[in-house]
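K.L.:
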Ligand code: C2E
Ligand code: MG
Ligand code: MG
Ligand code: MG
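Numbering (UniProt numbering), first residue to last: 632 to 903.
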């Protein structure tokens, strides 16, 4: 009896696996089409300066409104895109669209905002990345110093020498660089220094609970001290409460993002 139950369970997993794989394949084809049919659009989340309380920038976060399935999270479709060259197509679209939108807001509304764009690890291997960034800046007139490219800590640590070369080519265009999701990888102070970054973003998992836990607050305190020691601007991700915000300000954190300060919204909603 146990045996037949076990076998039934195995078949169940088999069917589930096949369905997952089919869904994946369909999604990948849908995503290819989405790029060309306006289903992808950037949401913008405010980045707030903790000394002045003012919005100083926005992070572009890609959204996919699927015609049948509705909103699909980037946590789902970015990894899918990263499995092929599709990520480079998406990445170029995001760069072009967001620099254009931000440049228009800066000149049209006189908003002195900087733009943060996420880069995937695979884009660092794309020989067209640096020219694409240069083109986006030249076409839109967005000042290079108003663009920060965010790369996750794990992507940066994958292969420091190759990544360092692309990053320095990007830097020579005048754009700024941020290490994203800091704390989830294993980078050392020496590696951080060698990469000549501008900004360090503390991962949300370290921010959640800082107002309740002295240990959690101590870790964030030491990340801020370390980052400031190598002249990095520190941004806290995922600030969800007024208590967290007050504590981060007290600890000398430079900037913050989070639902408490503003959710990611379409440009037309954020800048009504
Ligand atoms: P990320 O760059 O670390 O972005 C922060 C994520 O945290 C975003 O999720 C944002 O919506 C979410 N978030 C912001 N504040 C809060 C908060 O207070 N609480 C909680 N619970 N979450 C908060 P999202 O938009 O789902 O994006 C997930 C990830 O997908 C991003 O993480 C980034 O790695 C990737 N991604 C998004 N857009 C792009 C893109 O255009 N290109 C690439 N390569 N990756 C992207
Ligand atoms: Mg980011
Ligand atoms: Mg992050
Ligand atoms: Mg992240």
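All C-beta atoms, glycine included, are put in the ideal place defined by N, C-alpha and C.
Does the separation of the CB atoms of residue 658 and residue 711 fall below 8 Å?
P.N.:
Contact flag set, yes.
K.L.:
In this structure, does DSSP put residue 890 in helix, strand or coil?
P.N.:
It is coil, neither helix nor strand.
K.L.:
Out of curiosity, what's the CA-to-CA distance linking residue 686 and residue 680?
P.N.:
Each residue's alpha carbon lies about 6 Å from the other.
K.L.:
Please identify the residue among 735, 788 and 806 whose C-alpha is closest to the C-alpha of residue 763.
P.N.:
The option with the nearest alpha carbon to residue 763 is 806.
K.L.:
Give the single residue among 812, 879 and 759 whose Cα lies nearest to the Cα of residue 720.
P.N.:
For residue 720, the nearest C-alpha among the options comes from 759.
K.L.:
Could you name the residues whose beta carbon sits closer than 7 Å to any heavy atom belonging to ligand 6, keeping them in chain order?
P.N.:
Within the structure as shown, ligand 6 is missing, the only ligands being ligand 1, ligand 2, ligand 3 and ligand 4.
K.L.:
Which of the three DSSP states, helix, strand or coil, is assigned to residue 675?
P.N.:
Residue 675: strand per DSSP, three-state reduction.
K.L.:
Would you call residue 836 buried or exposed, if buried means 16 or more other Cβ atoms sit within 10 Å of its Cβ?
P.N.:
Per the 10 Å Cβ criterion, exposed.
K.L.:
Do you know offhand how far residue 707's Cα is from residue 666's?
P.N.:
Answer to the nearest angstrom: the Cα atoms are 16 Å apart.
K.L.:
Kindly indicate the opening and closing residues of the alpha helix (DSSP H) around residue 743.
P.N.:
Counting along the chain, residue 743 falls outside any alpha helix (DSSP H), and DSSP gives it neither H nor E.
K.L.:
In this structure, what does DSSP give as the bridge partners for residue 694?
P.N.:
Beta-bridge pairing links residue 694 to 672.
K.L.:
State the Cα-Cα distance for the pair residue 882 and residue 851, rounded to the nearest angstrom.
P.N.:
Those two C-alpha atoms are separated by around 8 Å.
K.L.:
Starting from residue 902, follow the beta strand (DSSP E) in both directions and report where the run begins and ends.
P.N.:
Note, residue 902: premise wrong, no beta strand (DSSP E); not H, not E.
K.L.:
For the candidate residues 803, 875 and 726, whose alpha-carbon lies nearest to that of residue 844?
P.N.:
Comparing Cα positions, the closest option is 875.
K.L.:
List the residues that DSSP assigns as beta-bridge partners of residue 879.
P.N.:
Paired residues: none, contrary to the question.
K.L.:
Can you grab the Cα-Cα spacing for the pair residue 664 / residue 809, in whole Å?
P.N.:
Going by the C-alpha atoms only, they are around 31 Å apart.
K.L.:
According to the Cβ coordinates, are residue 897 and residue 672 closer than 8 Å?
P.N.:
A contact, by the Cβ cut-off of 8 Å.
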